[in-house]
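S.K.: Numbering (our numbering), first residue to last: 176 to 725. Beta carbons are placed, not taken as given, at the ideal position from N, Cα and C, and that holds for glycine. Here the structure is a predicted model, which is why all the values come from computation and not from measurement. Input: one structure, supplied below.
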């Protein structure tokens, strides 16, 4: 009986082995005939996109490095700039007479009228900082209007903001507190409504600062002269300075990305008279805002701020459009296609539905080069190709290729090109070279959201105009002098800190990495494991600093 049982087991094992061999054989045939060709096509598509992206990055880096750093094509040398003149001198030179003129002394009428707009939404922690900084700008008091556009839904915060405005008004500051009975159009709607007031018609220029931005007192003295002496300039954009960049690892990595945006993308666009957005960096999903505690100047990624517009340029471009939550890029595109030039003022630093382009061919007076640059370089390569390539290739195609040995990935596309892009980014961030590995992993995670944002906008899905405002925390981060690079957010107590898409991608990467480690021969598992851990860390909220759960 025992011998018969043993024979049965051997027979079952043989049958299972034969069945397993048959399944393996069938999978090998299906893999070779169906999966491998599709995946190999995806590889070559990614190779083509990689070449497009590296050429674009190399071009921008070369222009920024050679034209700006070596040839010194700085704004002061490319455009006319001189202090705004009065009867016996100018403003900004530093002497007592200039300061007297700038603060309302004699001949202040030589200064143009400037409107300063501060859009707000429940900014309890930072409203005093932003209003105080705007009211402290050096400019004749009768030639400047401070306009606080308060869309707050919390009555207590509204009262605080209004009281602050009244306090400054008692100090003889020309400040206006404006509210609406609805939030139609969000920030774009508030800016549009603010420009409709009668007193704004006397203003030649409008400076815009988000609630977490604190301009230096000489901000207008450094920027307005470019607009006064160069009638073709429609926008003077300044760089952001980040107060809380060293709070945690996430803010440091984000500073690296935004520094590249200013130092390379906008600097190259400005120096070559090409298009660059009004801080119109591609929209990060609201997830990114919730990911780390945004201190006073590193929070509002998508919004146009820290720049000065010529009012006539805004009007000629059609004004603010509340059809989109990307109002900064929308206005910048329309103004650029009307022939207005944009200028990036690097030395001025401020601490802290896409545009309908179907009618571009019908525009008169816009060069073919500008049309091509706008469509191919700015929109297609940077806003569509870059996020799709980063997520599809490095987080989907490469991990999947370990299970399909018939697919080969050229080493130049998998190693050389990303290395070149990383080096070109590191050159402009020498103080953050030690964080580059974290930056690479973080950018790959965020590419999933950028790709979703790009596709959402292109396909005009139901979420295309979804808008969530980041809660600012002011200087409260300074209460914690020592903040670890990664601090858990206790997901068991804060369910909204758990991100299912990230965890699903992490599981996929773990499966691919484990397969490569045990059965594969491509030895990609080390990179794939690291990328999986990055998705896990962000998926469980082990990033940023602890904030109260709403």
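Kindly identify the DSSP beta-bridge partner or partners of residue 411.
M.R.: Within the chain shown, residue 411 is the residue found at index 236, counting from 1. Its beta-bridge partners are 483, 518.
S.K.: From this set, 552, 320, 297, 390, which residue's C-alpha is nearest residue 374's C-alpha?
M.R.: Locating residue 374 in the chain shown gives position 199, counting from the first residue. Closest option to residue 374, Cα to Cα, is 320.
S.K.: Label residue 591 either buried or exposed according to how many other C-beta atoms from any shown protein chain fall within 10 Å of its C-beta, with 16 as the threshold for buried.
M.R.: Your numbering for residue 591 matches position 416 in the chain shown. Exposed.
S.K.: Are the stretch 563 to 571 and the stretch 219 to 231 touching by the rule of at least three beta carbon pairs closer than 8 Å?
M.R.: Yes, since at least three Cβ pairs between the stretch 563 to 571 and the stretch 219 to 231 fall closer than 8 Å, the two stretches touch.
S.K.: Beta-carbon separation of residue 509 and residue 492 under 9 Å?
M.R.: Residue mapping note: residue 509 aligns to position 334 of the chain shown, counting from 1. Residue mapping note: residue 492 aligns to position 317 of the chain shown, counting from 1. Their beta carbons are under 9 Å apart, which means residue 509 touches residue 492 by this criterion.
S.K.: Is the number of C-beta pairs between the stretch 325 to 342 and the stretch 388 to 396 that are closer than 8 Å three or more?
M.R.: Touching, no.
S.K.: Between the beta-carbon of residue 365 and the beta-carbon of residue 424, is there less than 9 Å?
M.R.: As a position in the chain shown, residue 365 is number 190, starting the count at 1. As a position in the chain shown, residue 424 is number 249, starting the count at 1. Going by C-beta atoms, residue 365 is not nearer than 9 Å to residue 424.
S.K.: Would you please state the rounded distance, in angstroms, between the beta carbons of residue 688 and residue 714? I believe it to be under 8 Å.
M.R.: Within the chain shown, the letter at position 513 stands for residue 688. Within the chain shown, the letter at position 539 stands for residue 714. The pair is not a contact, with the Cβ atoms about 16 Å apart (cut-off 8 Å).
S.K.: Please classify residue 312: does DSSP put it in a helix, a strand, or coil?
M.R.: Indexing the chain shown from 1 puts residue 312 at position 137. Reduced to three states, the DSSP call for residue 312 is coil.
S.K.: Specify the secondary structure class of residue 149 as computed by DSSP and reduced to three states.
M.R.: In the structure as shown, the chain begins at 176 and stops at 725. Residue 149 is therefore absent and cannot be evaluated.
S.K.: Are the Cβ atoms of residue 370 and residue 489 separated by less than 9 Å?
M.R.: Here residue 370 corresponds to residue number 195 of the chain shown, with the count starting at 1. Here residue 489 corresponds to residue number 314 of the chain shown, with the count starting at 1. Cβ distance < 9 Å, so residue 370 and residue 489 count as in contact.
S.K.: Is it buried or exposed for residue 672, if we count other Cβ within 10 angstroms and need 16 for buried?
M.R.: What you label residue 672 is simply residue 497 of the chain shown in a count that begins at 1. That one is buried.
S.K.: Among 717, 396, 683, which one has its Cα closest to the Cα of residue 287?
M.R.: Indexing the chain shown from 1 puts residue 287 at position 112. When only C-alpha atoms are compared, the closest one is 396.
S.K.: Going by beta carbon distance, what residues of the same chain come within less than 7 Å of residue 303, once the five residues before and after it are set aside?
M.R.: Position 128 of the chain shown, counted from the start, is the residue given in the question as residue 303. Counting only Cβ-Cβ distances below 7 Å, and skipping sequence neighbours, we find 339.
S.K.: From the DSSP output, in three-state form, read off residue 612 for me.
M.R.: Counting from 1 along the chain shown, the entry for residue 612 is found at position 437. In the structure shown, residue 612 sits in a helix (DSSP, three-state: H, G or I).
S.K.: Is the beta carbon of residue 347 less than 9 Å from the beta carbon of residue 322?
M.R.: Counted from its first residue, the chain shown places residue 347 at position 172. Counted from its first residue, the chain shown places residue 322 at position 147. Taking 9 Å as the Cβ cut-off, residue 347 and residue 322 do not qualify as a contacting pair.
S.K.: Short check: CB of residue 697 to CB of residue 620, under 9 Å?
M.R.: As a working mapping, residue 697 is identified with position 522 in the chain shown. As a working mapping, residue 620 is identified with position 445 in the chain shown. No; because the gap between Cβ atoms is not below 9 Å, this pair is not in contact.
S.K.: Secondary structure at residue 290, three-state DSSP: helix, strand or coil?
M.R.: If you number the chain shown from 1, residue 290 lands on position 115. Looking at residue 290 - three-state DSSP - the assignment turns out to be strand.
S.K.: Taking only three categories from DSSP, how would you classify residue 403?
M.R.: Residue mapping note: residue 403 aligns to position 228 of the chain shown, counting from 1. Reduced to three states, the DSSP call for residue 403 is helix.
S.K.: What does the Cβ neighbour count give for residue 691, buried or exposed, with the cut at 16 atoms within 10 Å?
M.R.: Translated into positions along the chain shown, residue 691 becomes position 516. Under this definition residue 691 is a buried residue.
S.K.: Should residue 407 be labelled buried (16 or more other beta-carbon atoms within 10 Å of its own) or exposed?
M.R.: If you number the chain shown from 1, residue 407 lands on position 232. Classification for residue 407: exposed.
S.K.: Give me the Cα-Cα distance between residue 117 and residue 334, rounded to the nearest whole angstrom.
M.R.: Past the boundaries of the shown model lies residue 117; the chain is included only from 176 to 725, so the question cannot be answered.
S.K.: Measuring alpha carbon to alpha carbon, tell me which residue in 695, 694, 483 is nearest residue 381.
M.R.: As a first step, residue 381 must be located in the chain shown, where it is residue number 206. It is 483 whose Cα lies nearest to the Cα of residue 381.
S.K.: So residue 552 packs on residue 298, CB below 8 Å; how close in whole Å?
M.R.: Taking the chain shown and counting its residues from 1, the one referred to as residue 552 is at position 377. Taking the chain shown and counting its residues from 1, the one referred to as residue 298 is at position 123. Contact doesn't hold; Cβ gap of about 35 Å is too wide.
S.K.: Considering only DSSP beta bridges, list what residue 382 is partnered with.
M.R.: Here the question's residue 382 lines up with position 207 in the chain shown. Answer is 291, 483, bridged to residue 382.
S.K.: I'd like the span of the alpha helix (DSSP H) that includes residue 333, first residue to last.
M.R.: One-based indexing of the chain shown puts residue 333 at position 158. Start and end: 330 to 344.
S.K.: Within a Cβ cutoff of 6 Å, which residues of the same chain sit near residue 308, ignoring the five residues on either side of it in sequence?
M.R.: Against the chain shown, residue 308 aligns to sequence position 133. Taken in chain order, the residues that qualify are 389, 390.
S.K.: Let me know the secondary structure DSSP gives residue 559 once reduced to three states.
M.R.: In the chain shown, residue 559 corresponds to position 384, counting from 1. In this structure, residue 559 counts as helix in the three-state DSSP scheme.
S.K.: Using CA coordinates, which residue listed in 596, 711, 706 is at the minimum distance from residue 226?
M.R.: The count along the chain shown starts at 1 and reaches residue 226 at position 51. Selected option, being the one with the closest Cα: 596.
S.K.: At the level of alpha carbons, what is the spacing between residue 557 and residue 550?
M.R.: Taking the first residue of the chain shown as position 1, residue 557 is located at position 382. Taking the first residue of the chain shown as position 1, residue 550 is located at position 375. Roughly 10 Å between the two C-alpha positions.
S.K.: So residue 574 and residue 675 are in contact, right, with Cβ under 8 Å, and what is the actual spacing, rounded?
M.R.: Residue 574 sits at position 399 when you count from the first residue of the chain shown. Residue 675 sits at position 500 when you count from the first residue of the chain shown. Actually they do not touch by this definition, with Cβ atoms about 19 Å apart.
S.K.: Cα separation between residue 161 and residue 384?
M.R.: Residue 161 falls outside the range modelled here, since the chain spans only 176 to 725, and no answer is possible.
S.K.: Can you list, in chain order, the residues of its chain whose CB lies under 6 Å from that of residue 708, leaving out five sequence neighbours each side?
M.R.: Within the chain shown, the letter at position 533 stands for residue 708. Result list for residue 708: empty, nothing under 6 Å.
S.K.: Helix, strand or coil, according to DSSP, for residue 694 in the structure here?
M.R.: Counted from its first residue, the chain shown places residue 694 at position 519. Three-state result, residue 694: coil.
S.K.: Cutting at 7 Å between CB atoms, please list the residues of its own chain near residue 565, excluding the five before and the five after it.
M.R.: As a working note, residue 565 is residue 390 in the chain shown. So the list reads 618, 619, 622, once near-sequence residues are dropped.
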